[in-house]
Structure formats: structure tokens, C-alpha cells
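Working notes, structure below.
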Amino acid sequence: MSNSGSACNGQPSQAPSLSHLNNVPTHGQPLWLLAELTYKCPLQCPYCANPVDFASKTGELTTAEWIDVFTQARELGAAQLGFSGGEPLVRQDLIELIREARNLGYYSNLITSGVGLNERKIADFREAGLDHIQVSFQAADPEVNNLLAGSEKAFKQKLAMAREVKAQGYPMVLNFVTHRHNIDQIDRIIELCVELKADYVELATCQYYGWAYENRNDLLPTRVQLERAERITNEYRDRLAAEGNPIKIIFVTPDYYEERPKGCMNGWGQVFLTVTPDGTALPCHSARMLPIEFPNVREQSIEAIWNRSNGFNHFRGYEWMKEPCRSCDEKEKDFGGCRCQAFMMTGDANNTDPVCSKSPNHGMIIQAREEAELPSHKEPIYRNERNSKVFAKS
Ligand code: FES
Numbered sequence: 001m002s003n004s005g006s007a008c009n010g011q012p013s014q015a016p017s018l019s020h021l022n023n024v025p026t027h028g029q030p031l032w033l034l035a036e037l038t039y040k041c042p043l044q045c046p047y048c049a050n051p052v053d054f055a056s057k058t059g060e061l062t063t064a065e066w067i068d069v070f071t072q073a074r075e076l077g078a079a080q081l082g083f084s085g086g087e088p089l090v091r092q093d094l095i096e097l098i099r100e101a102r103n104l105g106y107y108s109n110l111i112t113s114g115v116g117l118n119e120r121k122i123a124d125f126r127e128a129g130l131d132h133i134q135v136s137f138q139a140a141d142p143e144v145n146n147l148l149a150g151s152e153k154a155f156k157q158k159l160a161m162a163r164e165v166k167a168q169g170y171p172m173v174l175n176f177v178t179h180r181h182n183i184d185q186i187d188r189i190i191e192l193c194v195e196l197k198a199d200y201v202e203l204a205t206c207q208y209y210g211w212a213y214e215n216r217n218d219l220l221p222t223r224v225q226l227e228r229a230e231r232i233t234n235e236y237r238d239r240l241a242a243e244g245n246p247i248k249i250i251f252v253t254p255d256y257y258e259e260r261p262k263g264c265m266n267g268w269g270q271v272f273l274t275v276t277p278d279g280t281a282l283p284c285h286s287a288r289m290l291p292i293e294f295p296n297v298r299e300q301s302i303e304a305i306w307n308r309s310n311g312f313n314h315f316r317g318y319e320w321m322k323e324p325c326r327s328c329d330e331k332e333k334d335f336g337g338c339r340c341q342a343f344m345m346t347g348d349a350n351n352t353d354p355v356c357s358k359s360p361n362h363g364m365i366i367q368a369r370e371e372a373e374l375p376s377h378k379e380p381i382y383r384n385e386r387n388s389k390v391f392a393k394s
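Under full-length UniProt numbering, the first residue of the sequence shown carries the number 1, and numbering increases by one thereafter.
See below:
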């Protein structure tokens, strides 16, 4: 990896100048609040986007603190609230938090592996006002699913819970993170989703953050795999639509096979607010790895965090950009791409996202594509406390 900039020493920025903020365009409201209630999770997916050193983050927010966060964010305009983790079902107060979200007028969404869910909880959550449940699967068959999840019972449980979610009248999203080990099963995955009567299906090719970045060589599919999966998905879409099946199938390709970067999070600090289990507030779920000091909801109000904190203002606007982004006529569309990816790959979050073919670091992406053509040669690193403690020490 090259190491090409000033903010690459792994230390928090020291009171950076805010003069660049004079030209920051007015940002919107934090419409989407993602509440990462806990980093605890019964599964061990090697593509988890949680920080690899999560074991060192202790001191989860209390029920009252979460309710305060929800209240403040709602006052600032937040409309959608996602309960995420880790596995949010681990929190014993989840039902209380759902009830409060409903009282505050949020549209709420539970993002879960389904492990820890049961018929009774699904009914109780509905009664408390939960609007939507997203169940994630690792694969369409028990062997691959359970291997990736690190649990022998996960697949059976997920199937049962997906059926129950639907039976109880929720709109249901099924989420399959696809990668080189399951993408060739795309037809079986879609057939399973049809059988389970999913309303929406996200076939989301793995994004390489957190644990997934550490396991990228074992996960990134080849271009041939991707193109085949996309073609089959399109064929299913057409056939299902012709049969009158209302299922919506979304296919997300990994940006590693693009030539222009994604406009990550719709722009830094524009609509998205994540609060982590210990109260750290972030403009995206991966940002805590950056050498920037992020505010904590225990110390500042959500209004101050959103409007005035350095963490949220850091990459607003265009003044922070280096070339080639600064003079690029696409910068208002993609904002230079993903800051976390730029940091992970180049050591400097101010750099152009290497996905962009104009980036001097684009060769890193080409190299990753070439490595994907080789057989996996590495055992995946599973996301668990033990491995996380090793990352936390290093
Ligand atoms: Fe953090 Fe893209 S994931 S800016």
C-alpha cells in the first residue's frame, strides 16, 4: 500500500483548521439514524463490517441514553431508524426501544440474523410498533450458510424466522451478502427468496470494510462470477415479473469492478447518522477507523454533533479534496468516493477513492481483481471476540 498523505499516522487529528468550512454547502437533516445497539453477535461472519477491534469498545449506551438519542435525532428531522449491531436481539431492552421509536414517529427497521428471534418476539415487536424486519442469510443451503455463520443451527433458524416474519404480516427484506463462495448459487438463492415470499431481496455483493477487508482475498468474486450472477438475476426478474410476482430484487455489484467510485453515504454528513454501541457518532458505519476524532452522544447533543462537530464537517464540501477530485467535473456526483476505502487502501482519507480510474492508486483495485482470479489461499478470519482482541492489541 502506498502511504501518501498527511492524515495517515493512525492518530486522531489534532484540532484541525475549520477554515475550509466556509465553502461547505448547506447539509441536510440526518434522515437515517442507524442505532448499532451492540457489537455482541452469536454469529461469526467473516464479511462483517463491524470494526475488527470491536472487543476493545466497551460501555454500551443504556436504554435511557438510547431513547435520548432517538428523541434528539427525531427533533432534528430523522425519519427512519434502523436497529442494528452486532445482533440487536442481544439487547434485552429492544422491545422498549422499538416502542419508543414508534411513539416518536419513526419508521423502524430491525436488521437481524434471525438468531435469537422467536414467534413470540416477532408478535411483541409488531405490537410495540416495529415496521419492518430484514433477515440476513449467508447462503441458500445449510452447509455453506452454517460454515460462513460459524453456527450449525443458523440456517434452520433463519428459515423458520423468515417464514414467521411473513406469516405475521411484516414487509420482509431478505438480505444475502454475496461473495465468491455463494455467488454461483444465485439461482438457488432467488428461488429460496421466492419460496419464502420475500417482498424485497437484496443480493448485495460484499463491500470490503471491517472484517470483510481483512478477508478480501477469500471473498472477492471474479468478474466472470459477477457477470453470470447479474445475468441470471436479470433473467429471474423478467420471468417473475411476467408471472405477476411482485418480489423486488436488488443486485448490488462490488465497486471493485467499477471505474468510478460510489457517492458513499450520499455524501459525508448529508443524510446518514450512525451511533455505535458506546455512543460514538459517525457519518458512516465504518468511519471510526479513520484518524479523526468523532464526537460521542454522552458528551454532545445530536444537534451539535450534526451541525458543528469536526468529525461530521471534516469531509463536507469540496475544499478538502486533492487532485484529481478537486478539478473533476464528477465530484458533485461521487464526492471523491468513499473516505473509508481511500484510507484503508492508501493510508490517507483525503485521497481519491482508488476505485476511480483517475486515481493514481487505481492499480490497487486492478491488483485485487487479478488476485480474485487465483484460488483462495487463506483461511478466513472469523469475526469473534478472540480474533478481535488480537486486532485490538495490534
Ligand atoms: Fe465510510 Fe464510505 S464507508 S465514507
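Note that beta-carbon positions come from the ideal geometry of N, C-alpha and C, so glycine has one too.
Per DSSP, H362 is one residue of the alpha helix (DSSP H) stretching across 362-372.
Per DSSP, the continuous beta strand (DSSP E) segment holding V173 begins and ends at 172-178. Residue burial is scored here from C-beta neighbours: S113 has at least 16 other C-beta atoms within 10 angstroms and is therefore classed as buried.
Judged by DSSP in its simplified three-state form, Y382 adopts coil rather than helix or strand. It is roughly 44 Å from the alpha-carbon of I365 to the alpha-carbon of R126. Membership of K333 in the alpha helix (DSSP H) is indicated by the continuous run 331-334. Secondary structure at V165: helix, using DSSP grouped into helix, strand and coil.
Within the segment 246-304, the complete beta strand (DSSP E) runs of at least 3 residues fall at 248-252, 272-275.
For A212, there is no enclosing beta strand (DSSP E); the residue is found in the alpha helix (DSSP H) stretching over 210-214.
Within the model, the alpha-carbon separation for A167 versus A123 is close to 10 Å. For Y200, the enclosing beta strand (DSSP E) has its first and last residue at 200-205. CA-CA distance, C264 to P295, rounds to 21 Å. Straight-line measurement puts the Cα of F155 at about 38 Å from the Cα of T346. W66 and Q80 have their C-alpha atoms some 15 Å from each other. Excluding five sequence positions before and after Q270, the CB atoms of its chain that fall closer than 7 Å to its own CB belong to H27, G28, given in chain order.
Taking 8 Å as the upper bound for CB-CB distance, A281 and I305 are in contact here, some 5 Å apart. For V52 and K389, the gap between their C-alpha atoms comes out near 9 Å.
One thing to note: R369 has its Cβ no nearer than 7 Å to the Cβ of C48. The continuous alpha helix (DSSP H) containing I98 extends over residues 94-104. Relative to the Cα of C338, the nearest Cα in the group E371, V177, Q207 belongs to Q207. For V177 against Y256, the beta-carbon gap comes to about 15 Å, at or over 8 Å, which does not count as contact. Within its own chain, the residues whose Cβ lies closer than 6 Å to the Cβ of E258, once the five positions on either side in sequence are excluded, are V355, listed in chain order. Excluding residues up to 5 positions away in sequence, D53, A55, S56 lie with their Cβ nearer than 6 Å to the Cβ of A392 in the same chain.
Boundaries of the beta strand (DSSP E) harbouring W32: 32-36, taken from the DSSP string.
From the listed residues P324, G363, P283, the smallest Cα separation to S309 is found for P283. Between the alpha carbons of F70 and E371 lies a gap of roughly 44 Å. Take F251, set aside five residues on each side of it, and the residues of its chain with a beta-carbon closer than 7 Å to its own are L203, E230, T233, in chain order.
In terms of Cα proximity to A241, the closest of Y170, D199, V224 is D199.
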